[in-house]
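Protein chains in written order, with this note's numbering: chain P, 117 to 449; chain S, 20 to 333. Just so you know, even glycine gets a beta-carbon here, dropped at the ideal spot from N, CA and C. Working notes for the structure below.
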């Protein structure tokens, strides 16, 4: 599955998950395979509604009640997370697995000081309250919060968005987790802050040596930060491989069209930004064929009737397409 | 925080002044000549004129307003129209009984109300939640005097667990006699508090920072009490502040049905006897109390929610 999957930190295999909704069953994730090696940064890319968040919630055991895992496993350090009780999962969260969420403005409790929240999350530690506080101050200094000794007693609304996100990163990395899940941590920030935050994240990641699952829809960030990339579409991972390889020679038609839509890749000025025609398929209906068939310019009868297998093609490790070796598609504006 | 405190106190003073002005306007708006009403139909013109001068009613309206305000602000609420006893003394004698009653009703409302609210929010959609919901709404729909009469019938007359009327003597007896009126006054508020707390807890539980707390493996108990309830209680505190005002007016029924002394009974009797100085004085005292309680509620909210302190003081 992965290049050097000798001892991955996290392996998602064959994960199929659906939501029970009044209209029936929404197949949110279908046969998802994903692997993250030790200390590796993996980018998970997909548009809104592609199942990125559901996959993240499944890994963290924070799925809503209507979600049902139908099959597959999520192995973390040799344990299958899908079989864990809520209590066992709580034992891992904030210790071996940490998260940084998307919106720094709402991710912290508004009525408790930063210090109180940073002390609370050290609930497993046997340190005294004073020592926990000292650790929190030290961690704030490491994410370059100015004057951490007095800032620690401030409330979240007294921090700027960028600072709040750095506080969130400090909280997530304080326990030195084996896996950090970063859910679009820079989407709510402006461009300069985004770069600074990513630099900081990379710096701390290499110090701690944790693996990172970086969820985003910003291709530039993936190219900059990630060792590997997984492209998600409508609940399936359609392509996966080393970042450089996939960017250079994408094999799945969706990946090819997606890269064509990235404004950063467009050389000359255009009247309209390019986009992929059509919409996400209805995930409550039966899906016999390829998930991308309805929008794929190359789709034929094979694509609409048969579900494609995962192929190794070009330099990509996984391409879920019937024609992984077909010539590259170009997008028209 | 200090600036917030100052603003909030200033606002309370403004409310009290507005109420005094409204009371003055109300007395002038009552149809008929106040002097002739007070002296009766057989008073001579000379008597009417003398009384008018004595009461200051011959002065221009602005002077009258000034006198009205200045006497009240000096703490002088005037004298009983019949006995001549200072109004302030009469009210102060009756006030404690009403405050005990309101305090009792608050205990009856708040303790089970918060428990039910927390339980139905954490067990959303369960049988418990649904039964609580139906009971809350149905009890809220029953007027408190009806509840009072049924409580009397069942617990005082049929079961004889509690005495039917009176405030009692000594601590134990007073407390014993406080139970039924407190329940009558507070019962409907149990459901109200439970509903409001449930709704605001569910709202807070859906917020991102609670997901963050879960993602750090904090225990559900800790999340509920330290992270959810602390925010969810804020709207409940505001409602309780208003609720005390409602309970003060509801106290009229409870005091009459249970034959207790108190502000409510005093107002009721004074209105029946057209004893206006007492009515005005009582209204002022209850308004002052209500404003004070809401001031305390707001300060409590500012203490619990740093965002309130900052936004207002900026």
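Could you round the C-beta distance between residue 212(S) and residue 151(S) to whole angstroms and report it? I think they count as a contact, below 8 Å.
That pair is no contact at about 12 Å.
For residue 130(P), which residues from the same chain have a beta carbon less than 8 Å from its beta carbon, with the 5 sequence-adjacent residues on both sides left out?
Answer for residue 130(P): 147, 148, 149, 187, 188 and 189, listed in chain order.
Nearest-angstrom Cα distance between residue 145(P) and residue 176(P)?
C-alpha separation (whole angstroms): 15 Å.
Which residues in chain P have a C-beta closer than 8 Å to the C-beta of residue 246(S)? List them in chain order.
Within 8 Å Cβ-Cβ: 225 and 228.
Take residue 206(P) as the anchor and find which of 229(S), 233(S) and 108(S) has the nearest alpha-carbon.
Of the candidates 229(S), 233(S) and 108(S), the one whose C-alpha sits nearest the C-alpha of residue 206(P) is 233(S).
Would you identify the three-state DSSP class for residue 298(P), choosing helix, strand or coil?
Three-state result, residue 298(P): strand.
With DSSP run on the structure shown, which of helix, strand or coil describes residue 130(P)?
It is a strand residue.
Using the three-state DSSP reduction, which class does residue 225(S) fall into: helix, strand or coil?
Residue 225(S): coil per DSSP, three-state reduction.
Run through DSSP, which three-state label would residue 292(P) get?
DSSP places residue 292(P) in coil when its eight states are reduced to three.
I want to see whether chain S comes within less than 8 Å of residue 349(P), judged by CB atoms only; does it?
No, no contact with chain S.
For chain S, find out if any of its Cβ atoms is closer than 8 Å to the Cβ of residue 222(P); answer yes or no.
Closer than 8 Å: yes.
Can you check which of these residues, 357(P), 388(P) and 431(P), is closest to residue 158(P) by C-alpha distance?
When only C-alpha atoms are compared, the closest one is 357(P).
Measuring only between beta-carbons, confirm whether residue 211(P) sits less than 8 Å from chain S.
Answer yes: the Cβ-Cβ gap between residue 211(P) and chain S drops below 8 Å somewhere.
Listing by chain order, which chain P residues have their CB less than 9 Å from the CB of residue 250(S)?
Per Cβ cutoff of 9 Å: 225, 226 and 227.
Three Cβ pairs or more, each shorter than 8 Å: is that satisfied between the segment 347–364 of chain P and the segment 312–329 of chain P?
These segments do not touch.
State buried or exposed for residue 115(S), treating a residue as buried only when at least 16 other CB atoms are found within 10 Å of its CB.
Its Cβ having fewer than 16 others within 10 Å, residue 115(S) is exposed.
Give a yes or no on contact between the segment 200–214 of chain S and the segment 122–134 of chain S, applying the rule of three or more CB pairs nearer than 8 Å.
These segments touch.
Taking Cβ-Cβ distances below 9 Å as the criterion, which residues of the segment 225–246 of chain S are in contact with chain P?
Those would be 226, 227, 228, 229, 230, 231, 232, 233, 234, 235, 236, 237, 238, 239, 241, 245 and 246, in chain order.
Hey, how far is the Cα of residue 202(P) from the Cα of residue 142(S)?
C-alpha separation (whole angstroms): 16 Å.
I need the DSSP call for residue 227(P), collapsed to helix, strand or coil.
Three-state result, residue 227(P): coil.
Quick check on residue 364(P): buried or exposed, where buried means 16 or more other Cβ atoms within 10 Å of its Cβ?
By the 10 Å Cβ count, residue 364(P) comes out exposed.
Taking only beta-carbon atoms, is residue 217(P) less than 8 Å away from chain S?
Yes, its Cβ sits closer than 8 Å to a Cβ of chain S.
List in chain order: all unbroken alpha helix (DSSP H) runs of 4+ residues lying wholly within the segment 185–267 of chain S.
Segments of the alpha helix (DSSP H) lying fully in the segment 185–267 of chain S: 190–224 and 227–234.
I want to know whether the segment 172–183 of chain S touches the segment 104–111 of chain S - three or more CB-CB distances under 8 Å.
The segment 172–183 of chain S is not in contact with the segment 104–111 of chain S.
Please list the segments of the beta strand (DSSP E) lying wholly inside the segment 100–168 of chain S, counting only runs of 3 or more residues, in order along the chain.
Segments of the beta strand (DSSP E) lying fully in the segment 100–168 of chain S: there are none.
Alpha carbon to alpha carbon, what distance is there between residue 263(P) and residue 273(P)?
So the alpha carbons of these two residues sit roughly 17 Å apart.
Flag this pair as yes or no: are the beta carbons of residue 154(S) and residue 75(S) separated by less than 8 Å?
Not in contact: residue 154(S) and residue 75(S) (Cβ atoms no closer than 8 Å).
So, helix, strand or coil for residue 420(P), using DSSP?
Residue state, collapsed to three classes: helix.
Report the CB separation of residue 219(P) from residue 304(P) in whole angstroms; it is logged as a contact under 8 Å.
Indeed they touch by this definition, with Cβ atoms about 5 Å apart.
Taking 8 Å as the CB-CB limit, is residue 239(P) close to chain S?
Closer than 8 Å to some Cβ of chain S, the Cβ of residue 239(P) qualifies, so yes.
Determine the burial state of residue 369(P): buried for a count of at least 16 other Cβ atoms within 10 Å of its Cβ, exposed for fewer.
Answer is buried; the Cβ neighbour count reaches 16.
From the DSSP output, which residues share a beta bridge with residue 185(P)?
Note: residue 185(P) sits in a beta bridge opposite 133(P).
Considering just the uninterrupted stretch of the alpha helix (DSSP H) at residue 205(P), what are its terminal residues?
That run of the alpha helix (DSSP H) goes 202–208.
Mind checking whether residue 434(P) and residue 143(P) have CB atoms under 8 Å apart?
No.
With a threshold of 8 Å between beta carbons, is residue 186(P) in contact with chain S?
Chain S contact via Cβ: absent.
For residue 425(P), I'd like the list of residues in its chain whose CB is within less than 8 Å of its CB, leaving aside the five on either flank, ordered along the chain.
Within the same chain, residue 425(P) has close Cβ partners 436.
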